[in-house]
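Q:
Protein chains: 2
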Amino acid sequence: VPPATEPTPPPSPQLDLWNKDSASRNAIVHFIARVTDEKGPDFVPVAERIAVFDNDGTLWSEQPMYVQLAFALDRVKELAPQHPEWKTKQPFAAVLKGDLAALHAAGEKGILEIIAATHAGMSTEDFTKIVTAWLSAAVHPKYKLPYTELTYAPMVELLEYLRANGFKTFIVSGGGIEFMRPWVEAAYGIPPEQVVGSRIKTEWKEVDGKGSLQRLPQLEFLDDGPGKPVGILEMIGRKPIFAAGNSDGDMQMLQGTKQRAGASLSLIVHHTDAEREAAYDRHSSFGKLDKGLDDAQKEGWVLIDMKNDWSQVFSTPPASK
Amino acid sequence: VPPATEPTPPPSPQLDLWNKDSASRNAIVHFIARVTDEKGPDFVPVAERIAVFDNDGTLWSEQPMYVQLAFALDRVKELAPQHPEWKTKQPFAAVLKGDLAALHAAGEKGILEIIAATHAGMSTEDFTKIVTAWLSAAVHPKYKLPYTELTYAPMVELLEYLRANGFKTFIVSGGGIEFMRPWVEAAYGIPPEQVVGSRIKTEWKEVDGKGSLQRLPQLEFLDDGPGKPVGILEMIGRKPIFAAGNSDGDMQMLQGTKQRAGASLSLIVHHTDAEREAAYDRHSSFGKLDKGLDDAQKEGWVLIDMKNDWSQVFSTPPASK
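Order-wise, the sequence lines are chains Z and A. For the first sequence, the working numbering assigns the number -19 to the initial residue and increments by one for each residue that follows. For the second sequence, the working numbering assigns the number -19 to the initial residue and increments by one for each residue that follows.
Printed below as a string of structure tokens:
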């Protein structure tokens, strides 16, 4: 039975970069109207308005590769003069030769070796400086813009819209937590304490009575797939009522969001825009969306059709096509 | 050189339960005036006003034992009929016989076995229900009041005072994170997402397509001593500017707070009040404060003299002495 009256429109900011007739925008607007209507059956108190967002492929681009992987490969090249053995040692040799096939063959073990060599063996403060310096200099290989200008403008608008409606917005990403924290506040308005991510082990070490936090070459927590609801529990301790992802690695997060008693909404960014960004889903190396596409309808997850639902993709539109 | 003019008094709420002439109250009031003075050299933007508080012995009583230990011992007794072998198996036999010497002899290994038996093997939702039910029924052995009424009123007032001055308040406790989350919002005004604590391992398990978070009998993170600055990094990602603790297990947290560039303040609750609560420090089984007492002056940590600085100890004063 459809409701007798339309829900009251929520306050500004509006979702101006979203196609007004799209199913995704309608689902968001109606959901917000329901959970913010104090007299309605689906009202959710402000304290429980928790929204979680994947990052890679959901808030910024993950093509042609994860931004953090581009960072790691650049770091290998920068550190190579101090490691002459890397010339013949995989996976480093593959990186230095630009041999993506050999890098792919090194698999997850290879990636972890690269992470250990490029993300560990320093204090958290030093790592933050390295990330910040890299981001201020690096540009996307295709769009020739800094990565932080290639966030998805409609999603940044959605974050603001949720916060204007009393939501607390969190990132829940498979990416490294300390890789994200230095820049997400400026890019998304999300403070460091609202970032959930993968972690390597960190240790408090005292030298001459002065302690510091040192990053160790050991993966401690992988915030992906079944790790996402665990990360949400550990760092947030409440079930979200709103979730957005784009790949199969987000599905358990979306399932956990649906489990909350009461209203909830889950979105999947579907990369359908070959012209402005990229069209990919079931067969992509980064951000594979296969089971999620199969299950979306059954689970009630709303697909965002990037090509048709968004009037603009990137926060700074690239100059040339 | 003393400042030419007194700092502007901060807005209400005031610290009415604190002795107006005490060094601790003065240190707090002056610190808040400095970091909130937009034109002063020590101004700290609201986003960076992070305050961290230990829980046991800092926000509520840890005598005659940690409240969570009292919970675990009660759980052992409640579960004993399902475990006939506990009658002769340590550390459970010690609990069932009330043999505190044998329990103490079982040491940390014994405590971990009790935690595994009483805190794991269930979903997080079920654990929350167990904690909530226990807290609503249990009373403190000496004061005969529910534990949540035995929070320290001046510290609750301090939390409100900090929040009124733009601070975000966090708990950073050696206690179990899921043991605290069900009640700290009502007791302290601190939401679940601002609680850092020790954790056992939690796993997302899918049964018949429905996932749930299951608690496993394995310690994952001990948020005590050198673990505290690590927990603060992982869950907050910013250096606090204000910290309060009461035992040697808080010292690394206080050191980490002092390391931040700019103004910071660290407090130690010193249990000096044998009449209203308990007088203990260097030789206590719970909340031992030994090295912290030695280092306080050198480190610039401010001692709170419970007996002389607080006009009231507990949020609900016990009826009889």
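Glycine is no exception: its CB is placed at the ideal position from the N, C-alpha and C atoms. All values reported here derive from a predicted model rather than from experimental measurement.
1) Would you mind working out which of Z:A224, Z:Q194, Z:T108 sits nearest L142 of chain Z, comparing C-alpha positions?
2) Kindly provide the ranges of any beta strand (DSSP E) runs that are 3 or more residues long and lie completely inside the stretch 266 to 295 of chain Z, ordered along the chain.
3) Using CA atoms only, rank isn't needed, just tell me which of A:L199, A:L39, A:A96, A:G267 is closest to L130 of chain A.
4) Taking only the alpha-carbon atoms, compute the straight-line gap between E173 of chain Z and T68 of chain A and give it to the nearest angstrom.
5) For I216 of chain Z and chain A, any beta-carbon pair shorter than 7 Å?
6) Does chain Z have any CB closer than 7 Å to the CB of L196 of chain A?
7) Let me know the secondary structure DSSP gives Q232 of chain Z once reduced to three states.
8) Once you ignore the five residues that flank P209 of chain Z on each side, which residues in its own chain have a CB closer than 7 Å to its CB?
9) My guess is that D34 of chain A and S153 of chain A are in contact by the Cβ rule of under 8 Å, so how many angstroms apart are they, rounded?
10) Determine, using beta-carbon pairs with one atom in the stretch 195 to 206 of chain Z and one in the stretch 92 to 111 of chain Z, whether at least three such pairs fall under 8 Å.
11) Pull up the CB-CB distance for L193 of chain Z and N226 of chain Z, whole angstroms please, since I reckon it's below 8 Å.
12) Determine, for G191 of chain A, whether the minimum Cβ-Cβ distance to residues of chain Z falls below 7 Å.
13) Looking at chain A, is there any beta carbon in it that lies within less than 7 Å of the beta carbon of K182 of chain Z?
14) What does the alpha-carbon distance come out to for the pair V(-19) of chain A and H10 of chain A?
15) Between the stretch 173 to 185 of chain A and the stretch 210 to 217 of chain A, do three or more beta carbon pairs fall short of 8 Å?
16) Of all the options A:Y132, A:K181, A:V47, which has the alpha carbon lying nearest to the alpha carbon of A167 of chain A?
17) With three or more C-beta pairs closer than 8 Å as the rule, is the stretch 44 to 60 of chain A touching the stretch 24 to 32 of chain A?
18) Taking 7 Å as the CB-CB limit, is E88 of chain A close to chain Z?
19) Examine chain Z for any beta-carbon lying closer than 7 Å to the beta-carbon of Q235 of chain A, and answer yes or no.
20) Rounded to a whole number of angstroms, what is the C-alpha to C-alpha distance between V75 of chain A and A82 of chain Z?
21) Helix or strand or just coil, what does DSSP make of G207 of chain A?
22) Please list the segments of the beta strand (DSSP E) lying wholly inside the stretch 7 to 34 of chain Z, counting only runs of 3 or more residues, in order along the chain.
23) Count the other CB atoms, across all protein chains shown, that sit within 10 Å of the CB of P162 of chain Z; report buried if there are 16 or more and exposed otherwise.
24) Assess contact between the stretch -8 to 10 of chain A and the stretch 265 to 283 of chain Z, defined as three or more Cβ pairs (one per stretch) separated by less than 8 Å. Is contact present?
25) Which residues, taken in chain order from the stretch 223 to 252 of chain A, show a beta carbon closer than 9 Å to some beta carbon of chain Z?
26) Under 6 Å Cβ to Cβ from I170 of chain Z, same chain only, skipping five residues before and after it: list those, please.
27) For E140 of chain Z, decide whether its Cβ has a neighbour in chain A, counting only Cβ atoms nearer than 7 Å.
28) Hey, out of Z:Y260, Z:L245, Z:S246, whose CA is closest to T252 of chain Z's CA?
29) In the DSSP assignment, find the alpha helix (DSSP H) that holds H99 of chain A and state where it starts and stops.
30) Considering only their Cβ atoms, is the gap separating S244 of chain A from I221 of chain A smaller than 7 Å?
31) Quick one: give me the first and last residue of the beta strand (DSSP E) that V249 of chain Z is part of.
32) Does the beta carbon of L273 of chain Z come closer than 7 Å to any beta carbon on chain A?
33) Return yes when at least one heavy atom of the ligand COA lies under 6 Å from the C-beta of T16 of chain A, else no.
34) Short of 7 Å in beta carbon distance, which residues of its chain neighbour A258 of chain Z, apart from the five on each side in sequence? Order them along the chain.
35) For L199 of chain A, name the three-state secondary structure that DSSP assigns.
A: So, to answer that:
1) Z:A224
2) Runs of the beta strand (DSSP E) lying entirely within the stretch 266 to 295 of chain Z, each at least 3 residues long, are 282 to 285 in chain order.
3) A:L39
4) 47 Å
5) yes
6) no
7) helix
8) Q232, M233, G236
9) 6 Å
10) yes
11) The pair is not a contact, with the Cβ atoms about 32 Å apart (cut-off 8 Å).
12) yes
13) In the sequence under discussion, the amino acid at residue 182 of chain Z is Thr, which differs from the Lys named in the question. Residue-level contact check: T182 of chain Z touches chain A, since one or more beta carbons of chain A fall below 7 Å from its beta carbon.
14) Below a pLDDT of 50, predicted positions are generally treated as unreliable, and V(-19) of chain A, at 48, falls in that range; the measurement from the model is reported next regardless. Distance between the alpha carbons of V(-19) of chain A and H10 of chain A: 15 Å.
15) yes
16) Nearest in C-alpha terms to A167 of chain A, of all of A:Y132, A:K181, A:V47, is A:Y132.
17) no
18) Under the 7 Å criterion on CB atoms, E88 of chain A is classed as non-interfacial with respect to chain Z.
19) yes
20) 59 Å
21) For G207 of chain A, the secondary structure class from DSSP, reduced to helix, strand or coil, is helix.
22) Here the runs fully enclosed are 30 to 33.
23) buried
24) no
25) For the stretch 223 to 252 of chain A, the set of residues with a beta-carbon nearer than 9 Å to any beta-carbon of chain Z comprises Q232, Q235, G236, Q239, in chain order.
26) T149, I151, V164
27) no
28) Z:Y260
29) 87 to 99
30) yes
31) 245 to 252
32) Chain A, which has no Cβ nearer than 7 Å to the Cβ of L273 of chain Z, makes this no.
33) Here there are no bound small molecules, and the ligand COA is not part of this structure.
34) Q43, H251
35) strand
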